[in-house]
Ligand code: NCD
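Numbering (the working numbering), first residue to last: 137 to 455.
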């Protein structure tokens, strides 16, 4: 069995390790179909969810995953804590460490915060990145890969031969960054589709192709999976806006609507990490239609996070 010291970035995972995490997640998922879902391996261990940024599904998913493995879970949010009095990340983590923490799941607005935590010497805990700024969100990429594998790769092995299009606000998306890295490691061909204003500088050096044309991508590339990204209004307004002329125009060029849905291949699936802007990047027909695996992604997220916590926390001494 592999052991993960930390999980900071999807590029920490080579192909063999990624497949082993997905296989472990498949074992975990099988246990989640049982009536009694709780397993004993992390009994007596403590996981702290340290979420400096808003989250619904990721935080609840990590909490559920840790509890299903019998760990104690402490949910920390800066509101109502001494962070609002100006306490630093360092002092917050030293405080948590003094109380005996085995794993820290961290979400932070600053890209690189989990990396800083893991390599600071402030804590011995395993650090799992639950999203840092616009940088990385490795467990989201793992749950997306897991979902794609279940549907399209016969449930085992890697994603060799599959084509995935990632569509929308790539610029602000840590989900896209982690997915490009992980999906290509697993052998998929990835194409990013976005207006030029929503593609990052340097995208030419990424391990994927890119296009400004969603219709052509659908018709010529015949993607097996279409991953729609949320238009991140909050990051756009913080940057002064002006990324596209109007929501209606964005929807027309890059939204997944019924006509585009109808032109996808017979087996193609539609993913979205949530939260969705219904009517903007995805219509309700696409979000709720038979190709949509959005709800399944959420369920798979628990199994994947159980696998990551398990692989990062077993075989270590409890303090
Ligand atoms: C994503 C995130 O927070 O990075 N959501 C998630 O984790 N499910 C994507 C987003 O916010 O658009």
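In this text, a Cβ means the ideal position worked out from N, Cα and C, and glycines have one as well. Just so you know, these numbers come straight off a predicted model, no measurement behind them.
Asked, Found
"Residue 242: CB within 7 Å of a non-hydrogen atom of the ligand NCD", "no"
"Collapsed DSSP secondary structure at residue 190 in the structure displayed", "coil"
"Entirely enclosed alpha helix (DSSP H) segments - the stretch 307 to 353, minimum 4 residues", "310 to 321"
"Beta carbon of residue 241 nearer than 8 Å to that of residue 264", "yes"
"Buried or exposed (CB count within 10 angstroms, at least 16 for buried), residue 138", "exposed"
"Near the ligand NCD: residue 271 beta-carbon under 7 Å from a heavy atom", "no"
"Burial state of residue 337 (16 or more Cβ within 10 Å)", "exposed"
"Short Cβ contact (8 Å threshold) for residue 433 with residue 279", "yes"
"Distance between residue 194 and residue 218 (C-alpha atoms, nearest Å)", "23 Å"
"Buried versus exposed, by CB contacts within 10 Å (16 or more), residue 150", "exposed"
"Alpha-carbon spacing of residue 262 relative to residue 360, whole angstroms", "35 Å"
"Among 176, 299, 216, 220, nearest to residue 208 - alpha-carbon criterion", "176"
"DSSP three-state assignment for residue 301, whether helix, strand or coil", "strand"
"Residue nearest to residue 285 in terms of C-alpha spacing, selected from 226, 404, 420, 446", "404"
"Residue 194 beta carbon near the ligand NCD (any heavy atom closer than 7 Å)", "yes"
"Counted within 10 angstroms of its Cβ, other Cβ atoms place residue 305 as buried (16 or more) or exposed", "buried"
"Residue 311 CB to nearest heavy atom of the ligand NCD below 7 Å", "yes"
"Beta-carbon proximity list for residue 189, same chain, < 8 Å, skipping 5 on both sides", "243, 244, 245, 267"
"Chain-order list of residues whose beta-carbon lies under 6 Å from that of residue 419 (same chain, five-residue window excluded)", "393"
"Closest by C-alpha distance to residue 357, when choosing among 423, 287, 428, 297", "297"
"Buried versus exposed call for residue 256 [16 or more other C-beta atoms within 10 Å across all chains shown]", "exposed"
"Cutoff 8 Å; reference residue 343; Cβ partners in own chain excluding five residues on either side", "316, 317, 320, 326"
"Cβ neighbours of residue 313 in the same chain (closer than 7 Å, five flanking residues each side left out)", "271, 272"
"Every unbroken beta strand (DSSP E) within the stretch 168 to 228, with a cutoff of 3 residues, ordered by chain", "182 to 187, 208 to 212"
"Residues near residue 449 in its chain [Cβ-Cβ closer than 7 Å; skip 5 each side]", "178, 181, 238, 239, 262"
"Boundaries of the alpha helix (DSSP H) in which residue 430 is found, first to last residue", "430 to 449"
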